[in-house]
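Chemist: Numbering (this note's numbering), first residue to last: 7 to 262.
1. Span of the alpha helix (DSSP H) holding residue 238?
2. Note the first and the last residue of the continuous beta strand (DSSP E) segment covering residue 148.
3. Strictly by DSSP, which residues pair up with residue 78?
4. From 56, 204, 49 and 174, pick the residue whose C-alpha is nearest to that of residue 215; which is it?
5. Roughly how many angstroms lie between the CA atoms of residue 235 and residue 46, to the nearest whole one?
6. Work out the CA separation of residue 175 and residue 84 for me, nearest whole Å.
7. Under 7 Å Cβ to Cβ from residue 241, same chain only, skipping five residues before and after it: list those, please.
8. Let me check one thing: in DSSP terms, what residues is residue 156 bridge-paired to?
9. DSSP on residue 136, reduced to helix/strand/coil?
10. Determine the direct distance from the alpha carbon of residue 257 to that of residue 248, and round the result to whole angstroms.
11. Could you give the C-beta distance for residue 89 and residue 117, rounded to a whole number, given that I count them as a contact under 8 Å?
12. What residues in its chain sit with their C-beta under 6 Å from that of residue 67, if we drop five residues either side in the sequence?
13. Along the chain, where does the beta strand (DSSP E) that runs through residue 68 open and close?
14. Helix, strand or coil for residue 186, going by three-state DSSP, please let me know.
15. Does the separation of the CB atoms of residue 64 and residue 230 fall below 8 Å?
16. Applying the criterion that 16 or more other CB atoms from any shown protein chain within 10 Å of the CB defines a buried residue, is residue 173 buried or exposed?
17. Please determine, among 119, 147 and 163, the residue with the shortest C-alpha to C-alpha distance to residue 329.
18. How long is the line joining the alpha carbons of residue 129 and residue 200, rounded to whole angstroms?
19. Is residue 91 helix, strand or coil when you go by DSSP?
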């Protein structure tokens with residue numbers, strides 16, 4: 007009898023070990039699966055976190071107000087190496103100048119009046135708030151279960167801290183006053199889809215738009231570029247015909 011009990015106990019222990027190993031394996035597979043779904047830079051799948059808010063208001067240009075949502079249309083100062091439009095697309099080529107070496111823009115840039123509120127692009131956790139060389143700040147938000155970081159750069163009056171959970175559309179900062187004197191007194195801010203690494207890389211931001219805002223946002227981005235060229239009287243500011251998607255001059259990854 008004791009021998010049988012000992013045998014049953016042994017079998018029971020083995021079964022428990024098998025169950026525990028199975029649970030550990032399942033948890034590991036699910037975590038790995040979630041990570042893999044968004045870990046390939048530039049590859050967007052149904053499981054990839056998406057941008058649900060552009061951070062500021064974008065609309066069609068209103069000639070009466072001189073605004074396209076939060077974006078102001080003014081005659082910008084001609085500054086060597088400076089900003090020549092209220093929107094600079096992802097991957098835009100910037101030639102070498104006194105301001106720095108030639109490069110491709112890793113983050114779309116927007117100009118808006120000082121004081122304009124900036125909102126989170128996605129739902130997620132704030133994983134970094136850091137001061138930049140320019141004296142303003144960068145905010146990194148990472149959706150749960152993803153290794154993609156959605157960044158807001160060149161912002162001031164930051165209202166969140168590392169560890170905070172935010173929702174898309176939640177106010178987190180204001181546009182920066184960095185270089186305001188060279189952009190007609192306006193503020194600026196940048197958005198990005200960031201993949202940490204060595205080297206770090208950004209992806210075409212507007213490939214990551216959520217379906218709920220994608221179609222209308224892309225139409226407004228295209229209209230914004232057309233309206234600015236008409237406003238400034240120069241149809242060579244943008245090359246929309248060559249763009250793979252409105253707002254991105256390329257779909258290639260850009261280092262930085």
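Positions of the beta carbon are idealized from the N, C-alpha and C atoms, including for glycine. Keep in mind it's a predicted model, so treat the numbers as computed, not measured.
Modeler: A quick look at the data gives this:
1. In the chain shown, the residue the question calls residue 238 occupies position 232. Looking at the DSSP string, the run of the alpha helix (DSSP H) that includes residue 238 is 217-238.
2. On the chain shown, residue 148 is found 142 positions in, with the first residue counted as 1. From DSSP, the beta strand (DSSP E) with residue 148 extends over 143-148.
3. Looking up residue 78 in the chain shown gives position 72. Beta-bridge pairing links residue 78 to 73.
4. As a first step, residue 215 must be located in the chain shown, where it is residue number 209. If we check each option's Cα against that of residue 215, 56 comes out closest.
5. Translated into the one-based positions of the chain shown, residue 235 becomes position 229. Translated into the one-based positions of the chain shown, residue 46 becomes position 40. Cα to Cα, residue 235 sits roughly 36 Å from residue 46.
6. Working through the chain shown from its first residue, we reach residue 84 at position 78. Working through the chain shown from its first residue, we reach residue 175 at position 169. Taking the straight line joining both Cα atoms gives about 34 Å.
7. The residue given as residue 241 occupies position 235 in the chain shown. Hits under 7 Å: 235.
8. Within the chain shown, residue 156 is the residue found at index 150, counting from 1. The partner list for residue 156 (beta bridge, DSSP) reads 147 and 199.
9. Locating residue 136 in the chain shown gives position 130, counting from the first residue. The answer is strand: DSSP assigns residue 136 an E or B state.
10. Locating residue 248 in the chain shown gives position 242, where the first residue counts as 1. Locating residue 257 in the chain shown gives position 251, where the first residue counts as 1. Roughly 11 Å between the two C-alpha positions.
11. Residue mapping note: residue 89 aligns to position 83 of the chain shown, counting from 1. Residue mapping note: residue 117 aligns to position 111 of the chain shown, counting from 1. With 8 Å as the limit, residue 89 and residue 117 qualify as a contact, their Cβ atoms being about 7 Å apart.
12. On the chain shown, position 61 is the one that residue 67 refers to. Contacts found: 74 and 233.
13. Numbered from its first residue, the chain shown carries residue 68 at position 62. Run containing residue 68: 64-68, per the beta strand (DSSP E) assignment.
14. Translated into the one-based positions of the chain shown, residue 186 becomes position 180. Helix at residue 186.
15. Walking along the chain shown from the start, residue 64 turns up at place 58. Walking along the chain shown from the start, residue 230 turns up at place 224. Yes, Cβ-Cβ distance for residue 64 and residue 230 is below 8 Å.
16. Position 167 of the chain shown, counted from the first residue, corresponds to residue 173. Result: exposed.
17. Coverage of the chain is limited to positions 7 through 262, which leaves residue 329 absent and any answer about it impossible.
18. Numbered from 1 along the chain shown, position 123 holds the residue referred to as residue 129. Numbered from 1 along the chain shown, position 194 holds the residue referred to as residue 200. Between residue 129 and residue 200, the C-alpha separation is close to 15 Å.
19. Taking the chain shown and counting its residues from 1, the one referred to as residue 91 is at position 85. Three-state DSSP puts residue 91 in coil, outside helix and strand.
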